[in-house]
Structures are given as structure tokens and as C-alpha cells.
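S.K.: Quick one: this structure, given as C-alpha cells, is what I'll be asking you about.
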Amino acid sequence: MADEEQQQEGMSQKELDGLNCLAYDEAIIAQQDRIQQEIATSIPLVSEQQDLAILKKEYAEDDTIYQQKIRDLQKKYSFIRKTRPDGNCFYRAFGFAYLESLLDDSKELHRFKAIAAKSKLDLVSQGFTEFTIEDFHNTFMDLIEVCDKQPSVTELLNSFNEQSVSDYLVVYLRLVTSGYLQREDEFFQYFIEGGRTVREFCQQEVEPMSKESDHIHIIALAQALSVCILVEYMDRGEGGTVNHHIFPEDGEPKVFLLYRPGHYDILYK
Amino acid sequence: MEGKYNLKSPAVKRLMKEAAELRDPTEHYHAQPLEDNLFEWHFSVRGPPDSDFDGGIYHGRIVLPPEYPMKPPSIILLTPNGRFEIGKKICLSISGHHPETWQPSWSIRTALIAIIGFMPTKGEGAIGSLDYTPEERKALAKKSQDFCCEMCGCSMRTALLELTPNSERQPVDPQAQQLAQQISFKAESSTSSSTSGSKETASVSQTGQQETSSTPEDSEGTAQAEQADSVSESASTPAAPTSRSLSPRQRRAQNRNQNQNQPQRRPTYPAFPAAAQQDGSHTGSAVLIVLLTLALAALVFRRIYLAQDYKFDYEL
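Here the protein sequences come in this chain order: A and B. Residue numbering for the first sequence follows the working numbering, starting at 1245 and increasing by one per position. Residue numbering for the second sequence follows the working numbering, starting at 4 and increasing by one per position.
So, in C-alpha cells, the structure goes:
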């Protein structure tokens, strides 16, 4: 009798384990999918250029800190292009803003084309599997080729709003970032939290899609592609002005991004 | 096959490439798409030497999502092996259960190597995992050679290249181990991060937990609460606390359950994914609460019996 009962107990425990795990997984996945779908239908991957003043509507009128900072931002910039907040916004914002700047800068475009072509060789020589990364690289190179033909901004915007093209570009930029971090791991090791190696960090925080980006990612990507990035930081901090960082510090910025906690958008003068 | 698919689709392009890459069997693994479906593959892997799976060759299915490689493949084993349940999606972070850690630059080959590397690791209660004894696993390894897949017509005896003294162990092992280590590590961090993402489910199971742990001084009640808790942390710990606090007899009873009661347990599973899809976590949580309550009832039931001072004959 007792034995039977124990057996029953054992079973319910085992069952619970399994069900818990399954329930968590399924519920989390379902919920994330729902949230992502909701975001996807309401916000394009990369939006049209909009007047910077629209930011004011996103915060309460009596939210003096943000309203003041938006006014400060308006002294330097006039337009904003928003990106979908899906964890890939930094890469997508960077990719679009930079390629857009190449549309009327053929000298920079040719310099960049060479760097972009070489980037795959670097990755392969580091041990990345060629046949798995070449599709991503090809998409990246195709987009650069498109820029060479000087299409309208709308055409570039359409490519960036095509999920498969856009995501492949993000994957490739993540790979470039990861590759650079691992090549310079002696330096970057000191900036990684949680006792992880650079390689582990890359595999957990850089290469998987939807993982958000931090300073370390921005530094690595800016240096890997020799493109200078300026980021304006707008948060609830005191002071009434928006601070910016330039990566690398001595460069001349080609890409201007607005950071608000957890998200990057593109800024235009 | 070329005519049937849109070659512009990134998934088709990629899978064609992978099919070519994996066309010839190696000593350790082989995988090819089914003749009529590029999005379903069958694979065979050799059990790692120096393990209970030595000499075994295991067969299974890989199901690719249309978004591949942006979304991970699902892996399902078909040969009984004592490490992974058969016919069920495997819970590695590399497979469909933890899509957030899958990397698009991984491939089907990566998944196969991970499976091989993962076999000798402990199942520890993870979904789709089994912890059979070494003897059982060895027996299954021997038997696995006789397996013949009805679907792809593949016989395990001829599925892979013979191991030769020269080729032995080298191509896959260091890579497989490294990958498996990396993946089990990721399983932990990924689940803990996703827990914070779904507050709804988390809070529901917390209520369940409180109920359970309020059972007075019941060591098993606590163990169970711990378990409910640690499931969210990772699949790698939950088995440990229980097996320590159980008597050998209890453990035997549990083991027997593991081995014998699977068919009875299975019917409860299908209800879940379906529920989760229909109405997300609400239905899921409701079922979870009911189950926790049942477990609690079982515990109370047992305590009443123990309190009655009945003498039981423990000899079997």
C-alpha cells in the first residue's frame, strides 16, 4: 500500500518536473511570440525619417527631465528614424544609417567595400564555418553593391524592411562583432562580467539574435569595420543635457544614434 | 528536389548547401533530407567511444522550421538509447526548446556533434532526458545496430563508415566535447533569463510553491518545492536534491516509474503544448495549479497514513 503510494508520489514529482519545464518553455515561447508579433505589426524594422519633435509626445508633458533633454537634442539634430525594438536595434540602426550615408559618398563606399569583403576571410581564418556564414556575408555584400548603384533611400529602406534580408544583415554584423572581440580577446577580457571568457560572452551575448548591445559591442563593431559611431545617451539622469560618446573617441562620426535605456534609433542633423 | 522549392528562400538555399556538405557519411555522423521533404532530415550518429554508448549507432529525425537558420532545428531520436526519450523533442539549448540561444551560424552538423557530445552527460530530469543505468545503456547500444528506419530505409549497420584504427576518435571528439560543454552552460543561463521574461507563469508557480512548502516539516515537500523552483533555473539540478533525500526504496520506486510508467505519463503531455498555444499561460497555469494540488494531496494522504502508526511490510 505504502509502496503504491510512494510510487504515485514519485510519478507525480517526475511528472511535475516535466510539466513545469514544458509549461515554462511553451508558455514563454508563446508569450514572446505574441509580444514580438504585436511589435512587428505596429513598428517597422526601420521607419521613415520623422521630425525629432515626435519624441515629445512619447513622454508626459510634465516629465521635465525628458522634455528638457529632447529640447537639448533638438539643438543638434532635426530628424529621427526609429527601429523596431527587437533586441537587434543597434545592428539594424547602425547598418541602415551607415549604408544610407554611403549613398552619396562613393569614396567611403569603396574603402568600405574592401573592408567588408575581407571581413569574411578574417572570420573563416578564425575558425568560423565558411558555408554557414557565407549566406550572411553575401547578403551584406549585396546590400553594399546596391548602394553602389545609388538607389533612392526608399529602395534601401525597403530592403531593410524585408525581414529575411534585414535579419541576415544583423546576423552578419553580429558575427563581425564577435570575430573582432575574439581576435582582441586579451584586451576585451577585462570588460566582461561574470567570469566568462570572451568566447563564451560572444556565444551568449553577441551571436544569438535578439541579444541587446552594450558599449563593448559598439566598440568592437566600430573598430572591426573602421566606422566611427556617435551615440547620444538620453536617460533620466540629472543635468538637462544629453551626453554623447564617440566610438572610437578620436574618430569622425559617420553614424549618429540615439540611445534610450534598452533601445537605439537613428538621428539626423 | 531542386524544382520543387523556391531557391530564393534563404532556408532552401542554406539547406541545399548543408545537404551537399553532409552528403557522404563520416565515421561519426550522417544526415540527409528525406526524398520528398527538404525540411525533414534523418540522421545517424555513433555513440561516443569511452562511454556507455560505445558501439551504438543511433537514428533520429531533424525537423527544420521555415525560418531556418534563424530559428533552431528540432531533434527527435528514434533509436532507444537510455539517454534521450524517443519520439520526443530533445531539450538541449541547441534544439527548439531554447530558441533564444540558437545561433544562425550553427548548422545541422553542429547539432549532430552536440548530440554526440551530449550523450555521456547527465540527463538530470531535463525534458526528454533519461538516466538509465550503464548496463541498460550498453545493452541498448548493442541492440541499436539492428535498427532499421522504416521511413528512410536506412539500416544502422551500414549508415556510417566503419571505424578504422586511423580515423578513430579524432574528427569529432574535442569539438564535440567543447560544444557540449558550451551548450550545457548555455542551457542554464538561457532558462534563467527567460524566466524573468514571463512574470505570469513565474508568479503562478510561486503560489503553487508556497502551498507545497507550507506542509509542515515534510522533507519531501521541501524537496519538491525546491524542485519546482530549480526547474526554472535549469534542467541540470532538479534530480539531485530528491535523490539525496529519498531512501533507496523510494528511489527504486521512482526509477521503476521512469522505466515503466512512461506510456501512462505520456497522455498528459499533448494537452500542454496545445493549451499553451491556445490561450498562452492562462490555461497552462491552471493545469499546473491542478497538478501541484494533486501532488499536495498525495503528500497529505501519505502523512495521514504515517501518522496512524500503521506498520507496513517493506519487504517486496
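Just so you know, even glycine gets a beta-carbon here, dropped at the ideal spot from N, CA and C. Note that the coordinates shown come from a computational prediction; the quantities given were computed from them, not determined experimentally.
1. Quick one: give me the first and last residue of the alpha helix (DSSP H) that A22 of chain B is part of.
2. Listing by chain order, which chain B residues have their CB less than 7 angstroms from the CB of T1441 of chain A?
3. Output needed in chain order: residues of the segment 298-309 of chain B with a Cβ under 8 angstroms from some Cβ in chain A.
4. Using a Cβ cut-off of 7 angstroms (strictly closer), state whether T1189 of chain A contacts chain B.
5. Would you tell me roughly how many angstroms separate the C-alpha atoms of R1315 of chain A and E1292 of chain A, rounded to the nearest one?
6. What is the DSSP secondary structure of Y2 of chain B, counted as helix, strand or coil?
7. Considering L1424 of chain A, what are the terminal residues of the alpha helix (DSSP H) in which it resides?
8. Keeping to the same chain, check which residues put their C-beta closer than 8 angstroms to that of S54 of chain B; ignore five residues upstream and five downstream.
9. Kindly identify the DSSP beta-bridge partner or partners of D1517 of chain A.
10. Could you compute how far the alpha carbon of H1507 of chain A sits from the alpha carbon of F1334 of chain A?
11. Considering just the uninterrupted stretch of the beta strand (DSSP E) at F1491 of chain A, what are its terminal residues?
12. Using a Cβ-Cβ cut-off of 7 angstroms (strictly less than) and excluding sequence neighbours within five positions of V1409 of chain A, which residues of its own chain qualify?
13. Please tell me whether I1377 of chain A has its Cβ less than 7 angstroms away from any Cβ of chain B.
14. For F150 of chain B versus H62 of chain B, is the C-beta spacing smaller than 7 angstroms?
15. Taking only beta-carbon positions, decide if A1297 of chain A is within less than 7 angstroms of chain B.
16. Can you tell me where the alpha helix (DSSP H) with S1445 of chain A in it begins and where it stops?
17. Rounded to the nearest angstrom, what separates A1337 of chain A and A1284 of chain A at their Cα positions?
18. Report yes if the C-beta distance between I1460 of chain A and F1491 of chain A is below 7 angstroms; otherwise report no.
19. Pick from A:V1486, A:V1390, A:I1309, A:T1421: whose alpha carbon is nearest that of S1350 of chain A?
20. If you follow the alpha helix (DSSP H) that A1519 of chain A is part of, which residue opens it and which one closes it?
21. For E1430 of chain A, which beta-bridge partners are listed by DSSP?
22. Would you mind reading off the limits of the beta strand (DSSP E) that contains Q35 of chain B?
23. Under 8 angstroms Cβ-Cβ, which residues of chain B neighbour P1497 of chain A?
24. When you compare only the Cα positions, how much space is there between L1474 of chain A and L1417 of chain A?
25. Identify whether D1306 of chain A lies in helix, strand or coil by the three-state DSSP scheme.
26. Using a Cβ-Cβ cut-off of less than 9 angstroms, give me the residues of the segment 103-114 of chain B that come near chain A, in sequence order.
27. Counting pairs of Cβ atoms below 8 angstroms between the segment 1479-1487 of chain A and the segment 1305-1323 of chain A, do you hit three or more?
28. Excluding the five sequence neighbours on either side, which residues of its own chain have a C-beta within less than 6 angstroms of the C-beta of W105 of chain B, listed in chain order?
29. Could you check where the alpha helix (DSSP H) with F46 of chain B kicks off and where it finishes?
30. Just reading off the beta strand (DSSP E) that V66 of chain B is part of, what are its end residues?
31. Per the contact definition of three or more C-beta pairs closer than 8 angstroms, is the segment 83-93 of chain B in contact with the segment 130-150 of chain B?
32. Taking L1346 of chain A as the reference, give the member of A:V1397, A:A1271, A:R1480 with the closest Cα.
33. Which residues of chain A have a Cβ atom closer than 7 angstroms to the Cβ of K20 of chain B, listed in chain order?
34. If distances are taken between C-alpha atoms only, which option among A:Y1512, A:C1446, A:L1425 comes closest to L1469 of chain A?
35. Can you list, in chain order, the residues of its chain with a C-beta nearer than 7 angstroms to that of G58 of chain B? Leave out the 5 residues immediately preceding and following it.
36. Do you know whose CA, among A:Y1512, A:Q1447, A:K1364, lies nearest P1497 of chain A's CA?
M.R.: With the structure as the only source:
1. 13-24
2. Simply none; closest approach about 10 angstroms.
3. A298, A301, L302, F304, R305, Y308
4. The structure shown has nothing for residue 1189 of chain A, since chain A only spans 1245 to 1513.
5. 21 angstroms
6. Here chain B covers residues 4 to 319 and nothing more, so residue 2 of chain B does not appear.
7. Rather than Leu, the amino acid found at residue 1424 of chain A in this sequence is Tyr. Counting along the chain, the alpha helix (DSSP H) containing Y1424 of chain A begins and ends at 1407-1427.
8. M122, P123
9. Residue numbering for chain A in the displayed model covers 1245 to 1513; residue 1517 of chain A lies beyond these limits and cannot be assessed.
10. 7 angstroms
11. 1487-1491
12. T1383, S1403
13. yes
14. yes
15. no
16. One detail in the question is off: residue 1445 of chain A reads as Phe in this sequence, not Ser. Segment 1442-1445, the alpha helix (DSSP H) holding F1445 of chain A.
17. 16 angstroms
18. no
19. A:V1390
20. No answer is possible for residue 1519 of chain A: the residues shown for chain A start at 1245 and end at 1513.
21. Bridge partners of E1430 of chain A: none, in fact.
22. 32-37
23. In chain order: nothing, as chain B lies at least about 29 angstroms away.
24. 17 angstroms
25. coil
26. E103, T104, W105, Q106, P107, S108, W109, S110, R112, T113
27. yes
28. P75
29. That residue, F46 of chain B, is in no alpha helix (DSSP H); its beta strand (DSSP E) goes 40-49.
30. 60-66
31. yes
32. A:V1397
33. F1375
34. A:L1425
35. G50, A144, K145
36. A:Y1512
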